[in-house]
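In the numbering used here, the protein residues as written are 37 to 404.
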């Protein structure tokens with residue numbers, strides 16, 4: 037027989053095993069009890085029944101809740117799948133043609149302006165840059181706006197060069213070039229007509245074709261009207277100068293006076309620069325004009341050490357130079373380049389005389 041204290045604890049804790057055991061025990065002993073004990077047993081039975089009903093209701097509520105959640109998730113998945121399918125059916129598929137097969141072109145995703153990198157613009161001027169000016173400068177100084185009209189002079193020059201290359205290829209395709217010179221002048225040779233009638237007919241047709249009468253297709257501009265106005269505004273501002281940094285490709289905006297003062301302070305350093313006092317502008321009749329295009333300047337290499345390095349290279353690697361070119365000719369030619377390096381800045385003629393401006397082709401064989 038169970039004591040009333042045990043029964044009260046089990047009912048308070050709602051132990052499922054003890055509740056079931058009490059339920060079976062109370063049903064068996066309900067008829068055999070009398071008086072106060074019978075009344076307490078009936079109360080116990082009613083409490084046990086209420087606990088079992090609450091348990092069933094709780095289980096039923098959890099089952100219905102999980103079912104509703106499952107149904108809602110299934111409905112969301114179906115809606116999203118149907119929506120994607122509907123979108124794909126409404127848009128025409130884009131195909132990218134290849135030689136052997138066709139494949140669907142991947143969609144191009146646009147990048148939000150807020151997620152773009154911060155433009156590398158350094159403003160050293162007194163001008164306060166507006167938002168459109170920052171936006172156009174962040175595209176870099178190599179940005180090229182789409183031309184709105186065609187340049188027919190460039191088209192004619194391209195056609196002329198194209199016809200020249202075709203005639204040279206037809207004339208020289210089976211001939212060997214035996215010129216092993218390391219210094220070559222750009223050829224201006226043009227093959228004469230009359231060697232191939234089909235080629236002459238084709239070249240005459242594209243040369244005389246009236247390209248200017250064809251309506252040029254409308255090109256989609258890559259700049260807005262506001263950006264064009266901003267470009268003209270920055271271009272016509274004579275108080276500032278815009279340059280690209282030597283390292284980092286940053287766009288630097290400076291006051292023109294500040295830029296000129298910094299350059300003049302640099303040129304006043306007599307260690308590396310010397311102002312030209314007497315500049316001979318007359319040229320002898322027997323002189324040959326030669327132009328050297330300087331691409332990169334290696335200003336940290338003195339003339340003396342640079343010439344010694346080239347002499348060392350010529351002595352230790354003579355097989356790299358053709359036999360018909362003498363060592364003396366190479367050294368004298370390099371000295372001529374180094375000792376005649378003038379440039380004009382703001383009306384002042386200056387010579388860079390102690391540091392060496394190595395032209396791109398000259399810097400390749402030089403050991404640094």
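All residues carry an ideal CB built from backbone N, CA and C; glycine is no exception. Please read these numbers as outputs of a predicted model, since none were measured by experiment.
Discussion item. Shorter than 8 Å, the distance from the beta carbon of residue 260 to the closest heavy atom of the ligand PLP, or not?
Written reply: Among the ligands in the structure shown, none appear at all, so the ligand PLP cannot be discussed.
Worksheet item: Do the CB positions of residue 227 and residue 206 come within less than 9 Å of each other?
Response: Here residue 227 is taken as the residue at index 191 of the chain shown, counted from 1. Here residue 206 is taken as the residue at index 170 of the chain shown, counted from 1. Judged by their CB atoms, residue 227 and residue 206 are nearer to each other than the 9 Å cut-off.
Worksheet item: How close, in whole Å, do the beta carbons of residue 381 and residue 303 come, if the pair is a contact with beta carbons under 8 Å?
Response: On the chain shown, position 345 is the one that residue 381 refers to. On the chain shown, position 267 is the one that residue 303 refers to. Between residue 303 and residue 381 the Cβ distance is about 7 Å, and since that is below 8 Å, they are a contact.
Worksheet entry | 6 Å Cβ shell around residue 149 - same chain, five flanking residues per side excluded | Counting from 1 along the chain shown, the entry for residue 149 is found at position 113. Only weak support exists for where residue 149 lies, its pLDDT of 42 falling under 50; the value from the coordinates is given anyway. So no residue of the chain qualifies.
Discussion item. Please return the same chain residues whose Cβ sits closer than 7 Å to the Cβ of residue 172, not counting the five positions on each side in sequence.
Written reply: Sequence index remark: in the chain shown, residue 172 carries index 136 (1-based). For residue 172, where only same-chain residues beyond five positions count, the Cβ hits under 7 Å are 263, 266, 267.
Practice prompt. Within 10 angstroms of the Cβ of residue 169, are there 16 or more other Cβ atoms? Answer buried if so, exposed if not.
Written response: Stepping through the chain shown from its first residue, residue 169 is reached at position 133. So residue 169 ends up on the buried side.
Fill in: Those residues which DSSP pairs with residue 276 across a bridge
Within the chain shown, the letter at position 240 stands for residue 276. BP columns for residue 276 point to 291.
Worksheet item: What residue ranges within the stretch 308 to 377 form continuous beta strand (DSSP E) runs of no fewer than 3 residues, ordered along the chain?
Response: 309 to 311, 334 to 338
Worksheet entry | residue 326 classed as buried or exposed, judged by whether at least 16 other C-beta atoms fall within 10 angstroms | Translated into positions along the chain shown, residue 326 becomes position 290. Classification of residue 326: exposed, given that the 10 Å Cβ count is below 16.
Discussion item. Mapping the DSSP letters down to three states, classify residue 382 as helix, strand or coil.
Written reply: Reading the chain shown from its first residue, position 346 is the one you call residue 382. Coil at residue 382, not helix or strand.
Worksheet item: Cβ of residue 184 within 9 Å of Cβ of residue 246?
Response: Translated into the one-based positions of the chain shown, residue 184 becomes position 148. Translated into the one-based positions of the chain shown, residue 246 becomes position 210. Contact: no.
Discussion item. Which same chain residues end up closer than 7 Å to residue 243 when comparing Cβ atoms and leaving out the 5 residues on each side of it in sequence?
Written reply: Taking the first residue of the chain shown as position 1, residue 243 is located at position 207. Around residue 243: 195, 199.
Worksheet entry | residue 124, buried or exposed, once every other Cβ within 10 Å from all chains shown has been counted against 16 | As a working mapping, residue 124 is identified with position 88 in the chain shown. Residue placement at residue 124 cannot be trusted, given a pLDDT of 49 that sits under 50; the coordinates are not used to answer.
Practice prompt. Determine which residues share a DSSP beta bridge with residue 158 and list them.
Written response: Here the question's residue 158 lines up with position 122 in the chain shown. DSSP lists 288 as partners of residue 158.
Worksheet entry | Beta carbon of residue 289 nearer than 9 Å to that of residue 298 | The residue labelled residue 289 in the question sits at position 253 within the chain shown. The residue labelled residue 298 in the question sits at position 262 within the chain shown. No, these two residues do not count as a Cβ contact at 9 Å.
Worksheet entry | Contact belief for residue 157 with residue 287 at Cβ below 8 Å, rounded distance in angstroms | As a working note, residue 157 is residue 121 in the chain shown. As a working note, residue 287 is residue 251 in the chain shown. Right, their Cβ atoms sit about 5 Å apart.
Worksheet item: Is DSSP giving residue 239 helix, strand or coil here?
Response: For the purposes of this step, residue 239 is taken as residue 203 along the chain shown, with counting starting at 1. DSSP places residue 239 in the helix class (H, G or I) of the three-state scheme.
Worksheet item: Hey, would you say residue 367 sits closer than 9 Å to residue 346, going by beta carbons?
Response: Residue mapping note: residue 367 aligns to position 331 of the chain shown, counting from 1. Residue mapping note: residue 346 aligns to position 310 of the chain shown, counting from 1. In this structure, residue 346 lies closer than 9 Å to residue 367 by Cβ.
Worksheet entry | Sequence-distant residues of its chain with Cβ nearer than 8 Å to residue 120 (five each side left out) | As a position in the chain shown, residue 120 is number 84, starting the count at 1. Low confidence applies here, because residue 120 scores a pLDDT of 48, under 50, leaving its location unreliable and the question unanswered by this model.
Worksheet item: Are residue 311 and residue 384 touching if we call contact CB-CB under 9 Å?
Response: One-based indexing of the chain shown puts residue 311 at position 275. One-based indexing of the chain shown puts residue 384 at position 348. Against a cut-off of 9 Å, the Cβ pair of residue 384 and residue 311 comes out as a contact.
Item to complete: Measure the alpha-carbon distance for residue 204 versus residue 160 and round it to whole angstroms.
Response: Sequence index remark: in the chain shown, residue 204 carries index 168 (1-based). Sequence index remark: in the chain shown, residue 160 carries index 124 (1-based). For residue 204 and residue 160, the distance between alpha carbons rounds to 53 Å.
Worksheet item: How should residue 374 be labelled, buried or exposed, when 16 other C-beta atoms within 10 angstroms of its C-beta is the threshold for buried?
Response: Locating residue 374 in the chain shown gives position 338, counting from the first residue. Result: buried.
Fill in: DSSP three-state assignment for residue 266, whether helix, strand or coil
Position 230 of the chain shown holds residue 266. Here residue 266 sits in helix by DSSP.
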